[in-house]
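Asks:
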Ligand code: 5GP
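In our numbering, the protein residues as written are 1 to 431.
#1: Quick check: residue 281 and residue 227, are their CB atoms within less than 8 Å of each other?
#2: Is any heavy atom of the ligand 5GP found at a distance shorter than 7 Å from the C-beta of residue 385?
#3: For a test of the three-state rule: what should DSSP assign to residue 160, helix, strand or coil?
#4: Would you tell me roughly how many angstroms separate the C-alpha atoms of residue 113 and residue 295, rounded to the nearest one?
#5: Could you check what DSSP says for residue 343 in three-state terms: helix, strand or coil?
#6: What residues in its chain sit with their C-beta under 7 Å from that of residue 428, if we drop five residues either side in the sequence?
#7: Pairing CB atoms from the segment 79-96 with CB atoms from the segment 134-143, are three or more of them under 8 Å?
#8: Rounded to a whole number of angstroms, what is the C-alpha to C-alpha distance between residue 285 and residue 218?
#9: Using the three-state DSSP reduction, which class does residue 394 fall into: helix, strand or coil?
#10: Which term fits residue 202, buried or exposed, when burial requires 16 or more other beta carbons within 10 angstroms of its beta carbon?
#11: Report whether the distance from the Cβ of residue 77 to the nearest heavy atom of the ligand 5GP is below 7 Å.
#12: Helix, strand or coil for residue 98? Go by DSSP, reduced to three states.
#13: Could you tell me whether the segment 409-425 touches the segment 388-399, where touching means 3 or more Cβ pairs closer than 8 Å?
#14: Could you tell me if the beta carbon of residue 112 falls within a distance shorter than 7 Å of some heavy atom in the ligand 5GP?
#15: Would you check whether the ligand 5GP has a heavy atom nearer than 7 Å to the C-beta of residue 106?
#16: Flag this pair as touching only if the segment 249-257 and the segment 208-218 have three or more C-beta atom pairs under 8 Å; answer yes or no.
#17: Counting along the chain, where does the beta strand (DSSP E) carrying residue 75 start and finish?
#18: Tell me whether residue 208 is buried or exposed, calling it buried when 16 or more other Cβ atoms sit within 10 Å of its Cβ.
#19: Taking the CB atoms as reference points, tell me whether residue 56 and residue 121 lie closer together than 8 Å.
#20: Which of the three DSSP states is assigned to residue 437 in this structure?
#21: In chain order, what residues of the same chain have a beta carbon less than 8 Å from the beta carbon of residue 354, not counting five sequence neighbours either side?
#22: CA-CA distance, residue 397 and residue 335?
#23: By the DSSP assignment, the alpha helix (DSSP H) with residue 316 in it spans what residues?
#24: Per DSSP, what kind of secondary structure is residue 277 in: helix, strand or coil?
#25: Within this structure, are the beta carbons of residue 347 and residue 370 separated by less than 8 Å?
#26: Near residue 37, which residues of its chain fall below 8 Å by C-beta distance, leaving aside the five closest residues on each side in sequence?
#27: Let me see if you follow: with CB-CB separation under 8 Å, is residue 151 close to chain B or not?
#28: Report the residue from 424, 96, 16 and 259 whose alpha carbon sits nearest the alpha carbon of residue 399.
#29: Let me know the secondary structure DSSP gives residue 401 once reduced to three states.
#30: Mind checking which residues open and close the beta strand (DSSP E) that includes residue 171?
#31: Taking 8 Å as the cut-off, decide whether the C-beta atoms of residue 35 and residue 111 are in contact.
#32: Of all the beta strand (DSSP E) runs that stay within the bounds of the segment 8-96, which reach a length of 3 or more residues?
#33: Cα separation between residue 17 and residue 199?
#34: Assign residue 318 to buried or exposed, taking buried as 16 or more other Cβ atoms, counted over all protein chains shown, within 10 Å of its Cβ.
#35: Identify the continuous alpha helix (DSSP H) that holds residue 226 and give its terminal residues.
Written out as structure tokens, the structure reads:
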């Protein structure tokens, strides 16, 4: 597995803005960049090659693929269907490739929704006149089609605010430098990567233990759970799911076979990891009861709701002056597993605590829940923990030792915790 995960880079903007040229420039410049060849129902133009420019197919076949969930995104553009293969993109990303998509604005917005960490670059033509003359000089469309594309351009440009970057493509040389800069800058973003090899070389001790996970089965829970009050509303916990997702990625990268059980979180699912989405604490428990006996470690990073409404009201509760809400405790997942499972696997728990007694409470929790380790993270530090991209805290072990983790990105922390857990279990096995 490549140390630096692949990135999903989307170049979108009106036809004639120069997206395809810039997309190919990235692929030619960076060896890790790969071009996603789309499928379309339009017929091939003169010099276009099947499998290089597009995969050409009929409408019926395209519709079938939509129904089979083949496409990560698709859209109708100028009367033809275009779509991106989901499996191919996910496999390339898991391999560490940076996937370059040259697609329309509707598709780009779908990608951002499915992959919030994708990078959307809007390629803007310098003016309506320049766009019009570029489209006319391509000689691929009749004048009516050119007019239609110009109208579409105005609509597409109205979406520029949903993008991460824009490049105004007036001089191709300048635009090439700009797109390369975005690519390079994104590769260097700390939050996007795990520890670079140079860091590992300087501080190798911190990474001893990662090798322990090769071929092991690890279950990671993540995200909040939702407990419904009626068909529309629910109570839940604040949680982005990023810590759990980062743990799943860290164990995956260490060579573990990871099962990721996640509540409704806003982070996209990690590639190369079996994922089971759940909604409630009860559903999460049911999956774990089925799976934990085969596992070598259960990582409980989910922010499971401790309460649920005592009754479920069908439909949507009408607004009225005062509504009484009776809550009851959900079952404690670890206590329940301990009660029902004969051969429970080791558990690493997470504990978000507020106030000066936070550490003490976390230690109490580790004991009560029979966990071998617990990551205590204080809830009262600005910009860290819940719904933040960074975290900090202490990983306590049940032999009284601990590892302090300074504030860093959740991806970094996950890797340090994964190594520390490996060291601890290895030591236990040896003694
Ligand atoms: P053309 O027919 O000129 O090659 O492409 C027409 C438009 O469709 C362009 O804006 C192009 O970027 C877009 N397009 C190409 N492939 C895809 C795709 O897979 N998905 C989406 N949504 N748009 C695409």
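Ideal Cβ placement from N, Cα and C applies to all residues, glycine included.
Replies: For this structure:
#1: yes
#2: no
#3: helix
#4: 32 Å
#5: coil
#6: none
#7: no
#8: 16 Å
#9: strand
#10: exposed
#11: yes
#12: strand
#13: yes
#14: no
#15: yes
#16: yes
#17: 71-77
#18: exposed
#19: no
#20: This structure cannot settle anything about residue 437, because the visible part of the chain is limited to 1 through 431.
#21: 378, 379 and 380
#22: 19 Å
#23: Segment: none, residue 316 is in no alpha helix (DSSP H) and carries neither H nor E.
#24: strand
#25: yes
#26: 51, 52, 53, 54 and 55
#27: Of the protein chains in this structure there is only one, and it is not chain B.
#28: 424
#29: coil
#30: That residue, residue 171, is in no beta strand (DSSP E); it is neither H nor E in DSSP.
#31: no
#32: 8-12, 33-35, 38-40, 54-56, 71-77 and 80-85
#33: 41 Å
#34: exposed
#35: From DSSP, residue 226 is part of no alpha helix (DSSP H) but of the beta strand (DSSP E) over 226-228.
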